[in-house]
Structures are given as structure tokens and as C-alpha cells.
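Trainee:
Numbering (my numbering), first residue to last: 2 to 149.
(1) In chain order, what residues of the same chain lie with their CB nearer than 7 Å to the CB of residue 65, ignoring the 5 residues before and after it?
(2) State the Cα-Cα distance for the pair residue 127 and residue 84, rounded to the nearest angstrom.
(3) How many angstroms separate the CA atom of residue 141 from the CA atom of residue 76?
(4) In the DSSP assignment, what are the bridge partners of residue 23?
(5) Mapping DSSP to helix, strand and coil, what is residue 51?
(6) Tell me whether residue 223 sits in a helix, a strand or coil according to DSSP, three-state version.
(7) Does residue 9 come out as helix, strand or coil in the three-state DSSP assignment?
(8) Give the range of the beta strand (DSSP E) segment to which residue 133 is assigned.
(9) Contact check, residue 81 vs residue 139 under 8 Å by CB: the rounded distance?
(10) So for residue 148, helix, strand or coil by DSSP?
(11) Assuming residue 92 and residue 108 form a contact by the criterion Cβ under 8 Å, report the distance between their Cβ atoms to the nearest whole angstrom.
(12) Under 8 Å by Cβ, that's how I've got residue 145 and residue 73 pegged, so tell me the actual separation to the nearest angstrom.
(13) Express the C-alpha separation of residue 124 and residue 22 in angstroms, rounding to a whole number.
Set out below in C-alpha cells:
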């Protein structure tokens, strides 16, 4: 992991309102935390195995009971950014309506700070509906796909 990528993560942390951010790439991982009244960010290398076993840093806000029953199970955006269904313009989408998805399967990418971040399914199921159009801005916790 190179210094420009770490600086981009710091910028993402600053602009997102998150209090912590953790990223693992291969054998390398970085955890950034923002503390109240802190003027600098601390970059702490974390072994990749520990990063994979750590609980998620954030999760979607729970939906009201009525909304949850009408939408069913969803895959939500883990970060704010621009939603893309395809890995690159003109390529096939990661998933489409009717596709079966497995746990941790890449379903889309979210562009944030000129970086394309893969989004993995947090559950298995069949894509019943794509709730966001490609190129749209999404917020943390926003439903991207409805699963049947």
C-alpha cells in the first residue's frame, strides 16, 4: 500500500464523518481513527489476518420496521460515493436482476476520492431489484440491491 493511497484514505475519513476506517489489501492493512479534539490522524499497520477477523467499522442504520418488511433483505452502501454496476464503462455488470449472489461476492463498486472500492455482498440470495442507477451518488447505509 503506497503513501498516496493512505493520504486518499485520510481525506476520505475527513470528508465522510466516520470516526474510523480500516482497509486490508493482500498482506497489508491500515486503520485510521479520528479522535475528538485530535489534530492529526494516526496510521497503525494491522496484520491482514487481524483485519479480516475484526468487526465492521460501520453498518447501515437500521431501517424502520415497516420499511424493512416492504423492501425485504438489502445490500447497503458501506460508504458514500458514486455507485457503478460495471467494473469499467462498456463492460458487463457485476450482477443483474435474477443473479444468485454468494456471501462476499463483489456486486458493484463505489467511487470515492478517485478510488474505486469494491462492495461485497454481506449475505447470499437472488438479486430481485437494483435500487440505484449506475452513476448515482449514494450515502452510507443506502440500499443498493434488494434480495429475494
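Just so you know, even glycine gets a beta-carbon here, dropped at the ideal spot from N, CA and C.
Mentor: By the coordinates alone:
(1) Note that residue 65 scores 45 on pLDDT, short of 50, meaning its location in the model is unreliable; the coordinates nonetheless yield the value given after this. Nothing listed; no residue qualifies.
(2) When rounded, the distance between both Cα atoms is 20 Å.
(3) 11 Å
(4) Answer by DSSP bridge pairing, in chain order: 32.
(5) Any answer about residue 51 is weak, because its pLDDT of 48 lies below 50 and its placement is not dependable; what the coordinates show is given next. Three-state DSSP puts residue 51 in a helix.
(6) Residue 223 falls outside the range modelled here, since the chain spans only 2 to 149, and no answer is possible.
(7) helix
(8) First-last for residue 133: undefined, no H or E at that position.
(9) 7 Å
(10) strand
(11) The Cβ separation is near 14 Å, so there is no contact.
(12) The pair is not a contact, with the Cβ atoms about 13 Å apart (cut-off 8 Å).
(13) 22 Å
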